[in-house]
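Below is one structure, written out as structure tokens; comments come after it.
Protein chains: 2
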Amino acid sequence: MKVKIGIAPEKAIDGVGRPTDVGVGPLRARVAEAVVRGGGEVVPLAEAEGLVWLLPGGPQPLLDTLDAHPDIRWVQLPWAGVEHFGPAFTRPQTFTCAKGSFAKQVSEHALMLILACLRDLVRHARTPSWLPIDPRSLGGRSVTILGGGGIATELIALLQPFGCRVTALRRSSTPVPGADVTLPLSSLHSVLPSTEVLVVALALTPETRHVVGAPEFALLPEGAVLVNVARGGHVDTEALVAAVDTGRLGAAGLDVTSPEPLPDGHPLWSRDRVLVTSHCADSSEYVAEMLCARIAENVRRFGLGKPLEGLVDAGAGY
Amino acid sequence: MKVKIGIAPEKAIDGVGRPTDVGVGPLRARVAEAVVRGGGEVVPLAEAEGLVWLLPGGPQPLLDTLDAHPDIRWVQLPWAGVEHFGPAFTRPQTFTCAKGSFAKQVSEHALMLILACLRDLVRHARTPSWLPIDPRSLGGRSVTILGGGGIATELIALLQPFGCRVTALRRSSTPVPGADVTLPLSSLHSVLPSTEVLVVALALTPETRHVVGAPEFALLPEGAVLVNVARGGHVDTEALVAAVDTGRLGAAGLDVTSPEPLPDGHPLWSRDRVLVTSHCADSSEYVAEMLCARIAENVRRFGLGKPLEGLVDAGAGY
Numbered sequence: 001m002k003v004k005i006g007i008a009p010e011k012a013i014d015g016v017g018r019p020t021d022v023g024v025g026p027l028r029a030r031v032a033e034a035v036v037r038g039g040g041e042v043v044p045l046a047e048a049e050g051l052v053w054l055l056p057g058g059p060q061p062l063l064d065t066l067d068a069h070p071d072i073r074w075v076q077l078p079w080a081g082v083e084h085f086g087p088a089f090t091r092p093q094t095f096t097c098a099k100g101s102f103a104k105q106v107s108e109h110a111l112m113l114i115l116a117c118l119r120d121l122v123r124h125a126r127t128p129s130w131l132p133i134d135p136r137s138l139g140g141r142s143v144t145i146l147g148g149g150g151i152a153t154e155l156i157a158l159l160q161p162f163g164c165r166v167t168a169l170r171r172s173s174t175p176v177p178g179a180d181v182t183l184p185l186s187s188l189h190s191v192l193p194s195t196e197v198l199v200v201a202l203a204l205t206p207e208t209r210h211v212v213g214a215p216e217f218a219l220l221p222e223g224a225v226l227v228n229v230a231r232g233g234h235v236d237t238e239a240l241v242a243a244v245d246t247g248r249l250g251a252a253g254l255d256v257t258s259p260e261p262l263p264d265g266h267p268l269w270s271r272d273r274v275l276v277t278s279h280c281a282d283s284s285e286y287v288a289e290m291l292c293a294r295i296a297e298n299v300r301r302f303g304l305g306k307p308l309e310g311l312v313d314a315g316a317g318y
Numbered sequence: 319m320k321v322k323i324g325i326a327p328e329k330a331i332d333g334v335g336r337p338t339d340v341g342v343g344p345l346r347a348r349v350a351e352a353v354v355r356g357g358g359e360v361v362p363l364a365e366a367e368g369l370v371w372l373l374p375g376g377p378q379p380l381l382d383t384l385d386a387h388p389d390i391r392w393v394q395l396p397w398a399g400v401e402h403f404g405p406a407f408t409r410p411q412t413f414t415c416a417k418g419s420f421a422k423q424v425s426e427h428a429l430m431l432i433l434a435c436l437r438d439l440v441r442h443a444r445t446p447s448w449l450p451i452d453p454r455s456l457g458g459r460s461v462t463i464l465g466g467g468g469i470a471t472e473l474i475a476l477l478q479p480f481g482c483r484v485t486a487l488r489r490s491s492t493p494v495p496g497a498d499v500t501l502p503l504s505s506l507h508s509v510l511p512s513t514e515v516l517v518v519a520l521a522l523t524p525e526t527r528h529v530v531g532a533p534e535f536a537l538l539p540e541g542a543v544l545v546n547v548a549r550g551g552h553v554d555t556e557a558l559v560a561a562v563d564t565g566r567l568g569a570a571g572l573d574v575t576s577p578e579p580l581p582d583g584h585p586l587w588s589r590d591r592v593l594v595t596s597h598c599a600d601s602s603e604y605v606a607e608m609l610c611a612r613i614a615e616n617v618r619r620f621g622l623g624k625p626l627e628g629l630v631d632a633g634a635g636y
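Just so you know, the sequences run in chain order A and B. Those letters in the first sequence? Residues 1 to 318, by this note's numbering. Those letters in the second sequence? Residues 319 to 636, by this note's numbering.
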């Protein structure tokens, strides 16, 4: 018997929240193929045991769907970060997300932001004139990574040839592969004074909101670099602007912002030591490919009754 | 007996050709320390057996110095690329340069330029507005490196975690450490059609001037990326602008240009797929440190009659 998987929305639209071919549904078609590849069959929601949820936005439509279709026991979400779906996680269903799936491209983006910050790339890119700048090298620097998931692990692998001293801070006590030191998040303040490059790469939860704010900027050595590839809510934006303007922070590279999208005219757009990329660390093709790989694997595991990948910890919220 | 080393200029000025503390001479003082560290003593040029040459500019002052002081048997030059000093290499003295010394920071800069090109960083940096761009990843790409020296070797080490297919092209047939394939430079045209990222990292000689020009751009696949961290003269600038404007070239990252400095108003300043950094891949502190390390080591070897590091091949011109 094939496992019965519903895909929401049932009509074909692109569902990862990016403005692409909405209405044509190339992603939904690929997800359907992935379900079949994993040994499942795509059925109407009314007959589904498992559900692949592709609708962007808030959790209410999902809650309504689960109310209407009580046979659904497992929900696969398409994002790595699922902070908006907290209300769903009190439900009895099993929830999985895409955490870890997109880590390779996000860590690559993080490395680029680190190098761009150290080497003053914004000034180079914005100045149409010869501008000799003494660069700073990443070689041998102390890098602190907030997070111990896929992005942290992949970033540490990319940093390996640079001979950095890497400290990883995470909730669990399991050592992060490749890190020189793994510490609990509560050690943040003791680590900041010796941190030259601070990378935010963890899940957004009530505990980690504004994990980097005025007190943390004050503890960093002057000229330190901040890179955020997680969620804008991790960083107190007002404190960030102040830290850049006082020179406390040497540079910031942000793929995520709060508010997001960052509105036109926001101070972060005009600072020449701030580089903002528009939440585009991973390509849409890569996201689709990795998401479909996870879906196929989880459908297979669901059919065999095996533990699923990317299981959301309801208590932790990610 | 200590080996007798002269340092030119004999008066204290900074000599690596960068506008720093000229007249104060912090570099000259450090070089003098390095000579002593290597077991030598700093003497007037009239008494010198070896000469550390720190004067920027052309070779004529050096030729005059060698004419005036025939006891000088060895000359240490402070640059990695010594293409302007060709006329000196017909002299009977032994010449060494800093080739290989600055490779770590230059290769780091090259990696940043590659990532910045693939991820459209110039547009991000110049657009003060949310601009979702589908990035290209470096992961698994085919990278062709022109050159088999220190920069190539160090860059290959940095590329290792990205799983790239690396082809190195060099004059000699000795395999470049870490490259998947090492080929002679004459294979360039056969390699270009499958090259996604082309990195120029070799010495400038009459043979390698304009090694990348219109015929080479025509052979690259559409959207390929060019990075030059060697010398501006390796690339035909007019052909480069044309390749960018036709879209044949996806992006270019240039730490060196021809002419250099790139004059204000030059087309390369205004293209949003071209990133120019102002010949600043390595920091002045790093250059001073690495140069002094080479000088100390070569003074030691000179005293022992051992083969020197960074020996200039007079025939090859580097």
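Think of the CB as a built atom: it goes at the ideal place given N, C-alpha and C, for glycine as much as any other residue.
Is it right to say Pro-307 (chain A) is buried, meaning 16 or more other beta carbons lie within 10 angstroms of its own, or is it exposed?
-> Its Cβ having fewer than 16 others within 10 Å, Pro-307 (chain A) is exposed.
Pairwise C-alpha distance: Arg-589 (chain B) and Leu-609 (chain B) = Looking at the two C-alpha atoms, the distance is approximately 36 Å.
From A:Leu-202, A:Ala-316, A:Val-181, A:Ala-218, residue whose alpha carbon lies closest to that of Ala-103 (chain A) | Of A:Leu-202, A:Ala-316, A:Val-181, A:Ala-218, the smallest CA-CA separation from Ala-103 (chain A) is found for A:Leu-202.
If you measure from the beta carbon of Leu-626 (chain B) to each beta carbon in chain A, is any gap under 8 Å?
-> No, no contact with chain A.
Less than 8 Å separating the beta-carbons of Cys-415 (chain B) and Val-630 (chain B)?
-> Yes.
Looking at Glu-328 (chain B) and Pro-362 (chain B), is the spacing between their C-beta atoms short of 8 Å?
-> Yes; because the gap between Cβ atoms is below 8 Å, this pair is in contact.
So the alpha helix (DSSP H) Lys-422 (chain B) belongs to, where does it begin and stop?
-> Taken as a continuous stretch (DSSP letters only), the alpha helix (DSSP H) holding Lys-422 (chain B) covers 421 to 436.
Neighbourhood of Pro-87 (chain A) by C-beta distance below 6 Å, restricted to the same chain and skipping five residues each side = By the criterion of a C-beta distance shorter than 6 Å, Pro-87 (chain A) is surrounded in its chain by Pro-59, once the five residues flanking it on both sides are discounted.
Is it the case that the Cβ atoms of Pro-275 (chain A) and Ala-599 (chain B) are separated by a distance below 8 Å?
-> Note that residue 275 (chain A) is Leu in the sequence shown here, rather than Pro. Taking 8 Å as the cut-off, the Cβ atoms of Leu-275 (chain A) and Ala-599 (chain B) do not count as close.
Chain-order list of residues whose beta-carbon lies under 7 Å from that of Gly-457 (chain B) (same chain, five-residue window excluded) | Phe-480, Gly-481.
Which residues, in order along the stretch 126 to 137 of chain A, keep a beta-carbon less than 8 Å from a beta-carbon of chain B?
-> Residues of the stretch 126 to 137 of chain A whose Cβ lies closer than 8 Å to any Cβ of chain B, in chain order: Arg-126, Pro-128, Ser-129, Trp-130, Leu-131, Pro-132, Ile-133, Asp-134, Pro-135, Arg-136, Ser-137.
Output, in chain order, the set of chain A residues within a Cβ distance shorter than 8 Å of Gly-457 (chain B).
-> Gly-457 (chain B) reaches chain A at Lys-104, Gln-105, Glu-108, counting residues in chain order whose Cβ is nearer than 8 Å.
Listed in chain order, which residues of the stretch 64 to 96 of chain A have Cβ atoms closer than 8 Å to some Cβ of chain B?
-> Going along the stretch 64 to 96 of chain A in chain order, one finds no residue with a Cβ nearer than 8 Å to chain B.
Note down, in chain order, every chain B residue with its Cβ under 9 Å from the Cβ of Cys-280 (chain A).
-> One finds Arg-437, Asp-438, His-442, Leu-449, Pro-450, Ile-451, Asp-452, Pro-453 in chain B with Cβ atoms closer than 9 Å to the Cβ of Cys-280 (chain A), taken in chain order.
Could you give the C-beta distance for His-427 (chain B) and Pro-135 (chain A), rounded to a whole number, given that I count them as a contact under 8 Å?
-> Your pair His-427 (chain B) and Pro-135 (chain A) checks out as a contact, with CB atoms roughly 7 Å apart and the cut at 8 Å.
Mind listing the chain E neighbours of Ser-576 (chain B)? Cutoff is C-beta to C-beta under 9 Å, in chain order.
-> This model lacks chain E altogether; the protein chains it does include are A and B.
Roughly how many whole angstroms lie between the Cα atoms of Ser-186 (chain A) and Gly-317 (chain A)?
-> Distance between the alpha carbons of Ser-186 (chain A) and Gly-317 (chain A) is about 18 Å.
State the beta-bridge partners of Val-197 (chain A) as determined by DSSP.
-> BP columns for Val-197 (chain A) point to A:Val-143, A:Val-225.
Using a threshold of 8 Å, state whether the C-beta atoms of Asp-264 (chain A) and Ser-447 (chain B) are closer than that.
-> Note that the C-beta distance between Asp-264 (chain A) and Ser-447 (chain B) is below 8 Å.
4 or more residues per run - each alpha helix (DSSP H) lying fully within the stretch 228 to 261 of chain A | Fully enclosed alpha helix (DSSP H) runs of 4 or longer: 237 to 245.
Based on Cα-Cα distance, which residue from A:Pro-215, A:Glu-207, A:Ser-194, A:Asp-236 lies nearest to Gly-223 (chain A)?
-> Nearest of A:Pro-215, A:Glu-207, A:Ser-194, A:Asp-236 to Gly-223 (chain A), Cα basis: A:Ser-194.
Note down, one range per segment and in chain order, each beta strand (DSSP E) of at least 3 residues found wholly within the stretch 142 to 186 of chain A.
-> Runs found: 142 to 146, 165 to 170, 181 to 184.
The stretch 457 to 483 of chain B: positions lying closer than 7 Å to chain A by Cβ | Residues of the stretch 457 to 483 of chain B with a Cβ closer than 7 Å to any Cβ of chain A, in chain order: Gly-457, Ala-475, Leu-476, Gln-478, Pro-479.
Can you name the residues that DSSP bridges to Thr-94 (chain A)?
-> Per DSSP, A:Trp-74.
Does the Cβ-Cβ distance between Leu-439 (chain B) and Leu-121 (chain A) come in under 8 Å?
-> A contact, by the Cβ cut-off of 8 Å.
Where Pro-579 (chain B) meets chain A, residues with beta-carbon distance less than 7 Å = Result: Trp-130.
Check the Cβ-Cβ distances between Ala-277 (chain A) and every residue of chain B, and say whether any is below 8 Å.
-> Per the sequence shown, residue 277 (chain A) should be read as Thr rather than Ala. Yes, Thr-277 (chain A) lies at the interface with chain B (some Cβ there is under 8 Å from its Cβ).
Provide the residue span of the beta strand (DSSP E) that contains Leu-320 (chain A), from first to last.
-> This structure does not reach residue 320 (chain A), given that chain A is present from 1 up to 318, and the question cannot be answered.
Reduced DSSP secondary structure (H/G/I, E/B, other) of Gly-404 (chain B) = If DSSP states are grouped into helix, strand and coil, Gly-404 (chain B) belongs with the helices.
Give the residues of chain A in contact with Ser-602 (chain B), contact being defined as C-beta atoms less than 9 Å apart.
-> Result: Asp-134.
Since His-552 (chain B) and Val-530 (chain B) are thought to touch, with beta carbons under 8 Å apart, how far apart are those beta carbons, to the nearest angstrom?
-> Going by Cβ atoms, the distance from His-552 (chain B) to Val-530 (chain B) rounds to 6 Å, so yes, they are a contact pair.
Of all the options B:Ile-474, B:Ala-548, B:Ala-606, which has the alpha carbon lying nearest to the alpha carbon of Glu-351 (chain B)?
-> Answer by Cα proximity: B:Ala-606.
For Gly-375 (chain B), which of B:Val-321, B:Gly-399, B:Arg-355, B:Ala-569 has the nearest alpha-carbon?
-> Relative to Gly-375 (chain B), the option among B:Val-321, B:Gly-399, B:Arg-355, B:Ala-569 whose CA is nearest is B:Gly-399.
Check each candidate in A:Leu-159, A:Arg-171, A:Glu-297 and name the one with the smallest Cα separation from Leu-146 (chain A).
-> Per the Cα distances, A:Arg-171.
Ala-434 (chain B): contacting residues in chain A (beta-carbon distance under 9 Å) | Listed by position along chain A, the residues whose Cβ is nearer than 9 Å to that of Ala-434 (chain B) are Met-112, Leu-115, Ala-116, Leu-121, Ala-125.
Buried versus exposed call for Arg-391 (chain B) [16 or more other C-beta atoms within 10 Å across all chains shown] | Looking at its Cβ environment, which holds fewer than 16 other Cβ atoms inside 10 Å, Arg-391 (chain B) is exposed.
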